[in-house]
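Written below as structure tokens is the structure these notes are about.
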Amino acid sequence: MSFIKLCLLGLVLASSAKAQWQPQNVGTGASFRAVSAANEKVVWIGGTRGTFVHTSNGGQSWEQGQVAGADSCDFRDVHAVDDQTAYLMSAGPAEKGQARIYKTTDGGRNWTQVYDTKQPGVFFDGMDFWDKQHGIVFSDPPADGAAAGKWFILTTDDAGKTWQPVPPDALPAMQPNEAAFAASGTSLVVQGKRNVWIASGGGTVGRVFRSTDRGRTWTVSNTPLPAGSATGLFGLRFFNEKNGMVVGGNYQQTAQAGPNAAISRDGGRTWQLVSPTDPPGLKEAVALLPGDRLLAIGPSGSSISADQGQTWQRLDTEGFHALACVKGTCYAVGANGKVAVQRFK
């Protein structure tokens, strides 16, 4: 790299380091692992005890509430359509009535339960939508039946009114103990009109499952990141159909140093290690910032890279679980009602 390029890189990172997360008062102490931004100003957040919060003015004010009849639900993923319409996904054992999907079309004043199941072993991990009509949600493998040993995946083609299961035969077999971490709402992400990826852990190696036909058929690839009972891939993001990053770590040792990020340049078919983040440890979500910079967040803090993960700079040590960015405006959420916003230039 030339001296001029090194100087420019240093200026970009120095500017980024000066930015700071701005705490938001959202009026609740619920813990959050789900955030989705429809644009820079419209943001929806899901949390424990059936709680949601919502802003339509970029955080100048927040509205918070609880979904009626959902006190036992922990909303681990949310999808923002606009300031009136959003979906909430509840993560928890289906046999305890916690595998549910809700939708609002009136800004959160009323919520309709659009899906639930009591099938043993179902535990929703992530949800996303390609557009207003077409969406997908997935769960850890059911305990028994035809889908045992395979992801439990549902798709909708009618804006969540009905959900259809993906046949187990369309899915690769899973490793023993392989599952997903419902930690950031980004263990499943979509891109474009038909692409979708799922990140896994719990097995012998972190893997990424991918589909290019809205979940109808799937393939799977190994990553160079480790997996285990508390270790694996926690979040991913594809910035276009070819280029994406996956992050992870160990949720029982959140500051443990070691490899925690990998990059793909061929749509998830192959993955290459990048440098460990600074601060080290578990990273649960990653986003793209202006200038092709990368932002990764987790319990040990936030890291930023201006060279596709070759090097990382410590942004801060604020712990967050989930992240949503639009055009450099980023919202991060965490435990005990923590919500913050940062605007990157």
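With mature numbering (1 follows the signal peptide of the UniProt record, and there is no 0) applied, the sequence shown corresponds to residues -19 to -1, 1 to 326, in that order.
In this text, a Cβ means the ideal position worked out from N, Cα and C, and glycines have one as well.
Bear in mind the structure is a predicted one, so any value in this text is a computation, not a measurement.
If the five residues before and after ALA313 are omitted, its C-beta is found closer than 6 Å to the C-beta atoms of ILE278, PHE301, LEU304, ALA321, all from its own chain and listed in chain order. Inter-residue distance for ALA208 and ASP64 is about 38 Å (C-alpha atoms, whole angstroms). CA-to-CA, the gap between GLU222 and VAL147 works out to about 22 Å. By the CB criterion at 8 Å, ALA266 and SER165 fall inside the cutoff. By the Cβ neighbour-count rule, ARG90 is exposed, with fewer than 16 other Cβ atoms within 10 Å of its own.
Using a Cβ distance threshold of 8 Å, THR93 and GLY116 do not count as a contacting pair. Counting the other Cβ atoms within 10 Å of the Cβ of GLN234 gives fewer than 16, which makes it exposed. PHE325 sits away from PRO260, with the two beta carbons spaced by 8 Å or more.
The beta-carbon separation of GLY28 and ALA49, rounded to 16 Å, does not stay under the 8 Å limit for a contact. Cβ contact annotation for ASN203 (same chain, cutoff 6 Å, sequence separation greater than five): VAL186, ARG188, in chain order.
Annotated as distal: THR167 and ARG246, with beta-carbon spacing of 8 Å or more. Considering only PHE56, SER286, PHE110, GLY126, the residue with the shortest C-alpha distance to ARG175 is PHE110. Bridge partners of ALA303 according to DSSP: VAL314.
Take TRP293, set aside five residues on each side of it, and the residues of its chain with a beta-carbon closer than 8 Å to its own are SER256, PRO257, THR258, ASP259, ALA277, SER284, ILE285, SER286, in chain order.
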